[in-house]
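**Student:**
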Amino acid sequence: MSDAPAKVFPKRVFSGIQPSGGLTLGNYLGALKRFAVAQNEGTQTIYCIVDLHAMTVWQDPEKLRHATRELAAGFIASGIDPARSVLFNQSQVPAHAELAWIFNCVARMGWLRRMTQFKDKAGKHAEEASVGLFAYPSLMAADIMAYHATHVPVGEDQKQHLELTRDIAIKFNHDYGVDFFPIVEPVIEGAATRVMSLRDGTKKMSKSDPSDQSRINLTDDADAIAAKFRKARTDPEPLPETLEGLDGRAEARNLVNIYAALDDISPAQVLAQFGGQGFGVFKPALADLAVAKLSPINAEMARLMQDVAEIDRILGNGADRAHAIAEPILDQTREIVGLIRSRGR
Ligand code: ATP
Ligand code: MG
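Each residue of the sequence shown is one higher than the one before, starting from 5 at the first, in our numbering.
#1: Arg117 bridges to which residues according to DSSP?
#2: At a cut-off of 8 Å, is Ser134 close to the ligand MG when judged by its beta-carbon and the heavy atoms of the ligand?
#3: Whole-angstrom Cβ separation of Leu259 and Lys297, contact assumed at under 8 Å?
#4: Does the distance from the CB of Phe122 to the CB of Ala111 come in under 9 Å?
#5: Would you call the region 231-251 in contact with the region 199-213, where contact means no fewer than 3 C-beta pairs closer than 8 Å?
#6: What do you reckon, is the C-beta of Ser82 under 8 Å from a heavy atom of the ligand MG?
#7: Measuring alpha carbon to alpha carbon, tell me which residue in Gly26, Leu143 and Leu275 is nearest Asp213.
#8: I want to know whether the region 186-199 touches the region 171-178 - three or more CB-CB distances under 8 Å.
#9: Any chance the CB of Asp316 is under 8 Å from a heavy atom of the ligand MG?
#10: Among all the DSSP beta bridges, which residues are the ones paired with Ser19?
#11: At a cut-off of 8 Å, is Ile21 close to the ligand ATP when judged by its beta-carbon and the heavy atoms of the ligand?
#12: Please report how far the alpha carbon of Pro9 lies from the alpha carbon of Val182, in whole angstroms.
#13: Can Ile220 and Arg73 be called in contact, C-beta distance under 9 Å?
#14: Say yes only if the C-beta of Arg198 is nearer than 8 Å to one or more non-hydrogen atoms of the ligand ATP, and no if none qualify.
#15: Any heavy atom of the ligand MG closer than 8 Å to the CB of Gln121?
#16: The ligand ATP and Val54: does any heavy atom of the ligand fall closer than 8 Å to the residue's C-beta?
#17: How about Ala153 and Ile50: do their beta carbons lie closer than 9 Å?
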C-alpha cells in the first residue's frame, strides 16, 4: 500500500440488538444505557434492531414481529430519541444483506471457525446449525461498515466479532488497494460490560437463555425482580471491603457490578457502602435499586406498545434515513469490486 496518510473518518456510532427475545438487564447495562449516552454526547448515532441476525436461530414469525416492535419500544424507553438517532430494523435496509455477501467473500473460513459465539450457540450440534449462524460475523461487519461507522458500543461478548470486523475491513482495503472502510474501535466500557447469569456466575446473562430465572427482563415487575435477585446464586460470605476480596467469587462480583452500573458509581464505592454486610442486606438493596431504575422504562415500553402503528412508522422513517447513508457507500463498494450497475438502477 502507499505511504499516504490513512484517511480520517468522521466519528459515527453504530450498534445493534437482536429481537431474539425480551431485553435483559445485561442488554440494558452493556448496551442500551450506553447508546443513550453516546446520543446525548452529540455524536451521530445509528441504532439497529438486527432482525436478520435473530433469524440465525429459529424464530416463530409472529413472535419475531412482536419482539422487533417491543425492542423498538425498549430503545425509545431507554432514552433513544428517534429524532436524534437513526433507529430502524435491519431488514428494511437491503444494503446490510448485500454488503454481508461481499464480506462473506472477503472473510476466511478459518477466521469464522475461531468465533466463540458460534461454538457457544451451536454447542455439540454444529453440523445442524444454520449457515447463517456461522456467517453471522460477516453480517455484523456489514451492519457497521454500511455506515462507515467508527465506534461501536457493545458488551464484552462482542469483542471478538469486532476484531473480525476490523480484519475484514483491513483485508478488503488491502485486496482492492483502497482506503475505503474505517477500522472500527470497540467501545466496551463501564462496570457491567459482561453481566452474568443469576444462576451461573460463569455464563453471561442472555435473552435467549431457556431459564427465565437466569435473567432480569426489562418487562419484569417489581415482585419478579425482587424474587430473582433473592434466589440469585451467591456464596455464604459477607461482601468484602476491597475489590481483591471479590477474586474467585464470580456471583458476588456480578451483583456488585450490576449495582455499580445501575447507580452510576464504581464497584469500589459499592463495597465502601456494603463491605462486611451479608447478602441478606445487599440483595434487597440491589432489588430496590433495580426496580427504581427499571420500572420507568418498563412502564414506558408498555405505553409505547399500545400503538404499534406508531412504532412501525418510526422504524420506517429510520429505515429511510439509514438507507440514504448506506446506499452511496454500497454503490462505491460495488464500483470498487467491479460489479456493474446500469444507469438508473
Ligand atoms: P442472544 O442470547 O439472542 O444472543 P443477547 O442477550 O446476547 O441475545 P444480543 O442481541 O446478542 O443480546 O446483544 C445485544 C447487545 O447486548 C450487544 O452489545 C451485547 O454485547 C450486549 N450484551 C448481551 N448480553 C450482555 C451481558 N450479559 N452483559 C453485557 N452486555 C450484554
Ligand atoms: Mg448475543
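The C-beta atom is built at its ideal place from N, Cα and C for all residues, glycine as well.
**Tutor:** Answer, in terms of the structure:
#1: Translated into the one-based positions of the sequence shown, residue 117 becomes position 113. None, per the DSSP bridge assignment.
#2: By 1-based counting over the sequence shown, the position of residue 134 is 130. Ser134 has its Cβ no nearer than 8 Å to any heavy atom of the ligand MG.
#3: As a working mapping, residue 259 is identified with position 255 in the sequence shown. As a working mapping, residue 297 is identified with position 293 in the sequence shown. Not really, about 15 Å apart at Cβ, beyond 8 Å.
#4: For the purposes of this step, residue 122 is identified with residue 118 of the sequence shown, where counting begins at 1. For the purposes of this step, residue 111 is identified with residue 107 of the sequence shown, where counting begins at 1. Not closer than 9 Å, so no.
#5: Per the Cβ contact rule, the region 231-251 is in contact with the region 199-213 (3 or more Cβ pairs under 8 Å).
#6: Walking along the sequence shown from the start, residue 82 turns up at place 78. No, the Cβ of Ser82 stays beyond 8 Å of every heavy atom of the ligand MG.
#7: Along the sequence shown, one-based indexing puts residue 213 at 209. For Asp213, the closest of Gly26, Leu143 and Leu275 by C-alpha to C-alpha distance is Gly26.
#8: Yes, they touch.
#9: Mapped onto the sequence shown, residue 316 falls at position 312. When distances are taken from the beta-carbon of Asp316 to the heavy atoms of the ligand MG, even the shortest one reaches 8 Å or more.
#10: Reading the sequence shown from its first residue, position 15 is the one you call residue 19. Paired residues: Tyr51.
#11: The sequence position of residue 21 within the sequence shown is 17, counting from 1. For the ligand ATP, at least one heavy atom lies less than 8 Å from the Cβ of Ile21.
#12: Position 5 of the sequence shown holds residue 9. Position 178 of the sequence shown holds residue 182. So the alpha carbons of these two residues sit roughly 12 Å apart.
#13: On the sequence shown, residue 220 is found 216 positions in, with the first residue counted as 1. On the sequence shown, residue 73 is found 69 positions in, with the first residue counted as 1. Not a contact, by the Cβ cut-off of 9 Å.
#14: Here residue 198 is taken as the residue at index 194 of the sequence shown, counted from 1. Result yes, Cβ under 8 Å from the ligand ATP.
#15: Taking the sequence shown and counting its residues from 1, the one referred to as residue 121 is at position 117. The ligand MG approaches Gln121 closely enough that one of its heavy atoms is under 8 Å from the residue's Cβ.
#16: Here residue 54 corresponds to residue number 50 of the sequence shown, with the count starting at 1. Yes, the ligand ATP has a heavy atom inside 8 Å of this Cβ.
#17: Reading the sequence shown from its first residue, position 149 is the one you call residue 153. Reading the sequence shown from its first residue, position 46 is the one you call residue 50. Contact flag set, yes.
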